[in-house]
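Number of protein chains: 2
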Amino acid sequence: MKILTPNELASIERSVDSGTKEQQQIVQSIIADVRERGDEALLEYTKQLDGASLQQLRVTQEEFVEARQSMQQYDIDILQEAALNIRRFHEKQQRPSWFDTQKDGTMLGQKVTPLSAVGVYVPGGTAAYPSSVFMNVLPAVVAGVERIVMVSPASKEGTLPAEVLVAAEIAGVEEIYKLGGAQAVAGLAYGTESVPAVDKIVGPGNVFVALAKRAVYGDVDIDMVAGPSEIVVLADDTARASDVAADLLSQAEHDERSSSILVTTSLQVANKVREEVDKQLETLPRRAIAAKSVEDYGGIILCNSMESAIDVVNSIAPEHLEVMVEEPMSLVGSIKHAGAIFLGRYSAEPVGDYFAGPNHVLPTSGTARFSSPLNVDDFVKKSSVIYYSKQALETNGDKIARFARLEGLEGHARAIEQRKDDSQ
Amino acid sequence: MKILTPNELASIERSVDSGTKEQQQIVQSIIADVRERGDEALLEYTKQLDGASLQQLRVTQEEFVEARQSMQQYDIDILQEAALNIRRFHEKQQRPSWFDTQKDGTMLGQKVTPLSAVGVYVPGGTAAYPSSVFMNVLPAVVAGVERIVMVSPASKEGTLPAEVLVAAEIAGVEEIYKLGGAQAVAGLAYGTESVPAVDKIVGPGNVFVALAKRAVYGDVDIDMVAGPSEIVVLADDTARASDVAADLLSQAEHDERSSSILVTTSLQVANKVREEVDKQLETLPRRAIAAKSVEDYGGIILCNSMESAIDVVNSIAPEHLEVMVEEPMSLVGSIKHAGAIFLGRYSAEPVGDYFAGPNHVLPTSGTARFSSPLNVDDFVKKSSVIYYSKQALETNGDKIARFARLEGLEGHARAIEQRKDDSQ
């Protein structure tokens with residue numbers, strides 16, 4: 001890993017994949033086709049792109065039972081405990097509808113209503129991602145969403161991983177369709193004979209999924225389109241180099257485009273971490289991916305003060321931030337922009353990926369400046385509620401009418417003055 | 001206005017203006033140009049598109065003073081009272097950072113942080129919109145946003161309306177740039193010599209502004225791109241036809257593409273409202289606009305039960321909903337989708353546009369299915385905070401490592417197991 005000064009931060013590139021024109025056109029044509037031909041198009045694309053010849057898209061009760069039977073009870077127990085922790089953390093985020101009353105009889109408030117229908121995309125490919133099921137489904141469950149639908153691309157044999165089915169069952173989802181790519185997003189956005197149209201689509205996916213989500217945004221809501229995973233470790237001279245290196249590599253192994261950055265005030269830690277990264281890489285199964293990620297998008301920023309180090313962290317606005325300093329709590333107030341903040345030696349980032357409770361769907365690519373981890377608020381919407389009393393309108397009617405006329409809207413003023421007439 | 005059955009609802013079109021290919025290309029080229037040439041490009045476009053030759057973009061202290069002096073004190077008082085009401089309603093939405101502790105020493109929470117910098121677009125043109133200043137700026141002020149910047153297109157003489165400047169001053173904004181259109185959005189998204197780059201851009205505008213907001217989305221956050229204004233009045237036979245008609249017209253006068261719909265269980269009210277609309281139209285200054293809007297996008301849906309009427313309302317998911325029935329409160333729980341709900345005879349929609357307190361920036365085009373009125377949550381973001389104790393990791397470490405291996409991520413498992421080693 002290269003050691004740089006804060007001024008050289010910009011030399012660490014951040015990978016963005018916004019898709020080629022050709023990919024965008026492919027996605028547009030898939031969406032148009034699914035809107036026109038429905039299930040027929042979905043089955044064709046699933047055969048053509050996922051290599052699976054399906055008779056029906058929906059996962060059956062038998063498949064759920066088989067999945068449960070194929071897993072070890074110890075693993076099911078772990079999934080259940082993780083789901084419980086995640087559910088509990090998200091239950092703390094629930095908010096009631098509220099109202100406020102005034103002496104003139106006015107009542108103003110916000111009605112909080114769960115979304116009616118949500119679609120969750122769970123990526124497929126070589127590995128199974130039960131954690132992705134939990135993190136995307138459970139906030140919607142806690143929010144009270146009436147209908148939660150999952151989609152995930154089938155293998156060539158037409159199956160989904162047991163872990164994904166069992167996780168879905170634990171989370172409380174039993175409506176799953178074997179669908180991936182842009183066709184899955186199109187199906188959820190506009191509905192087909194067998195797939196229901198939803199109000200919001202969440203969950204990670206490849207570039208085609210990301211482009212499809214962008215394309216349907218507005219007709220339905222989407223979560224943020226995620227970039228490659230990122231970690232920044234903020235360390236002083238009390239940090240253990242072997243911990244830091246292991247955590248940097250745990251992020252680097254995700255993807256060649258992942259970003260792992262150490263920001264430190266200690267030259268000694270910088271040098272030791274560099275050595276440790278090389279050493280730990282040697283035996284890592286996914287070392288080809290991790291080594292390339294560290295080389296292309298990793299780096300060590302050496303700062304001459306903790307203040308300068310915090311400025312660097314805030315200017316990166318990382319997805320994951322680990323704070324490995326003598327007094328980690330004392331820095332929380334200074335950190336403006338980070339998706340998740342991990343404090344102290346024992347708060348290794350995978351604790352948050354799987355088990356502790358907070359969501360692992362986090363803002364990437366610097367969007368922590370304005371975005372939040374996936375949370376219960378993402379699955380409810382608010383409506384303003386306005387009750388104005390006769391007395392309130394008598395007191396304020398002239399002012400409201402005057403304000404409307406200041407903006408040139410006579411009809412607005414008349415709608416107010418209309419209420420003065422009690423005769424009709 | 002035409003009278004229809006619930007089954008004919010689809011025949012009432014909803015206008016959407018997503019821009020032509022040509023407009024999209026114009027917007028893309030303006031954005032690229034502003035990114036490259038900064039202020040020089042901004043000044044050129046302002047001359048070319050707004051017809052204003054400016055020496056400097058920023059509004060001066062003298063301009064604020066002149067604006068205040070040009071307004072009547074009565075009008076300034078109204079603006080101040082409205083701002084106070086809006087501020088108070090939004091203060092009720094503030095939420096603290098929170099954390100939860102567990103017996104094993106774990107501490108989990110959410111840190112709530114205001115956005116650092118926000119840009120507010122205030123439309124120009126023939127009228128002044130001080131209400132737009134309040135509704136977009138005050139939630140950001142209440143959220144604690146550090147830097148709030150306003151942009152609004154200047155007149156040919158290079159001025160902004162007095163009401164807009166005074167409203168900005170009342171709201172607490174003193175950094176205003178005379179900028180409109182796609183160039184204003186580009187300046188705020190990427191920054192120039194004189195305009196700061198912000199983290200989020202909010203506020204309504206024409207199709208060029210909307211296209212530019214969509215184009216910069218991801219690099220910065222934006223609010224929902226708004227469609228034409230909409231009202232649905234839900235009425236039983238206790239509603240006064242003249243009130244209903246006045247309120248339908250107050251929405252219709254906004255724009256030829258606005259939508260005004262009555263949903264009622266009463267044939268008598270339906271017929272009376274139709275007559276009243278024609279009668280009230282005769283003397284309305286903006287009758288050409290309102291008549292076309294009512295003709296093209298308006299309608300009366302006659303339902304044979306209140307249940308069916310509520311289904312119609314929910315399927316429209318209107319921006320504004322007025323409930324003019326005998327017991328308006330009793331229906332609030334049944335209304336799933338609406339931006340703002342106005343209850344009873346005295347809660348005329350303009351009460352909410354200007355004065356009561358709730359925001360008038362509301363989800364349009366059916367997006368009330370998943371979106372909320374502009375609110376304080378839109379100007380803060382959350383960061384997860386995770387402190388895991390040594391004991392927590394000892395208890396759960398093996399489970400977390402096992403979960404990671406289920407997903408094929410060995411590096412994640414090792415980052416956890418690494419902590420077992422206390423020797424270094």
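Read top to bottom, the protein sequences are chains A and B. First residue of the first sequence? That's 1 in UniProt numbering, and the numbers climb one at a time after it. First residue of the second sequence? That's 1 in UniProt numbering, and the numbers climb one at a time after it. Backbone N, C-alpha and C define an ideal beta-carbon position, used for all residues, glycine too.
Judged by DSSP in its simplified three-state form, A401 of chain B adopts helix. Contact between S242 of chain B and E276 of chain B holds: CB atoms are separated by about 5 Å, below the 8 Å threshold. Excluding sequence positions up to five before and after M329 of chain A, its CB lies within less than 8 Å of the CB of L343, all in the same chain and listed in chain order. For T46 of chain B, there is no enclosing beta strand (DSSP E); the residue is part of the alpha helix (DSSP H) that begins and ends at D39 to D50. Linking R95 of chain B to L362 of chain A through their CA atoms gives a straight-line distance of about 20 Å. In the three-state reduction of the DSSP assignment, I30 of chain B falls in the helix class, which pools H, G and I. For Y177 of chain B, the enclosing beta strand (DSSP E) starts and ends at E175 to K178. As summarised for the region 333-416 of chain A, the continuous beta strand (DSSP E) elements at least 3 residues long and confined to that stretch are 340-343 and 380-387, given in chain order. The contact set of E410 of chain B on chain A, defined by CB atoms closer than 8 Å, consists of E253, L284, P285 and R286 in chain order. At least 8 Å separates the CB of Q80 of chain A from every CB of chain B.
Cβ contact annotation for G109 of chain A (same chain, cutoff 7 Å, sequence separation greater than five): S97, W98, F99, D100 and V385, in chain order. Cβ proximity to chain B below 7 Å picks out nothing from the region 46-64 of chain A. When beta bridges are read from the DSSP output, S259 of chain A appears opposite A:E230.
Boundaries of the alpha helix (DSSP H) around M306 of chain A: M306 to I316.
By the CB criterion at 8 Å, I201 of chain B and L188 of chain B fall inside the cutoff. At a cut-off of 8 Å between beta-carbon atoms, L188 of chain B makes no contact with chain A. Three or more beta-carbon pairs separated by less than 8 Å are not found between the region 287-302 of chain A and the region 323-342 of chain A, which leaves the two stretches without contact. The Cβ neighbour count for A128 of chain B, taken over all protein chains shown within 10 Å, is at least 16; the residue is labelled buried. In this structure, S152 of chain A lies near G180 of chain A, with their beta-carbon atoms less than 8 Å apart.
Close to chain A, meaning a Cβ-Cβ distance shorter than 8 Å, are the following residues of the region 336-356 of chain B: K336, H337, A338, G339, A340, I341, F342, L343, G344, R345, Y346, S347, A348, E349, P350, V351, G352, D353, Y354, F355 and A356.
Of the residues assessed, K178 of chain A falls on the buried side of the cut-off, its CB having 16 or more other CB atoms within 10 angstroms. If you compare the alpha carbons of B:V149, B:P114, B:N359 and B:F208 with that of S371 of chain A, the shortest gap goes to B:P114.
The residue from A:T238, A:E174, A:V164 and A:A117 with its alpha-carbon nearest to that of P130 of chain A is A:V164.
V225 of chain A carries a coil assignment under DSSP once its states are collapsed to helix, strand and coil. Around the C-beta of R369 of chain A, 16 or more other C-beta atoms lie within 10 Å, and the residue is accordingly described as buried. Contact of Q418 of chain A with chain B by beta-carbon distance below 9 Å involves R240, S242, D243, A245, A246, D247, Q280 and A348. A contact between stretches requires three or more CB pairs, one per stretch, nearer than 8 Å, and the region 218-232 of chain A meets this requirement with the region 11-19 of chain A. In the structure shown, A117 of chain A falls within a strand segment according to DSSP collapsed to helix, strand and coil. Between the beta-carbon of Y346 of chain A and that of L393 of chain B there is about 4 Å, and that keeps the pair under the 8 Å contact cut. Under DSSP, E253 of chain B forms no beta bridge with any residue.
Under the Cβ distance rule, I300 of chain A does not count among the residues neighbouring chain B, no pair being separated by less than 8 Å. Counting C-beta pairs with one atom in each stretch, the region 75-90 of chain B and the region 131-140 of chain B have three or more that are closer than 8 Å, which means they touch.
Look at D100 of chain B here: in three-state DSSP terms it is strand. Between Y388 of chain A and A309 of chain B, the CB-CB gap reaches or exceeds 8 Å. Interface with chain B (8 Å Cβ-Cβ cutoff): P139 of chain A is excluded. The three-state reading of DSSP puts R58 of chain B in strand, counting E and B together.
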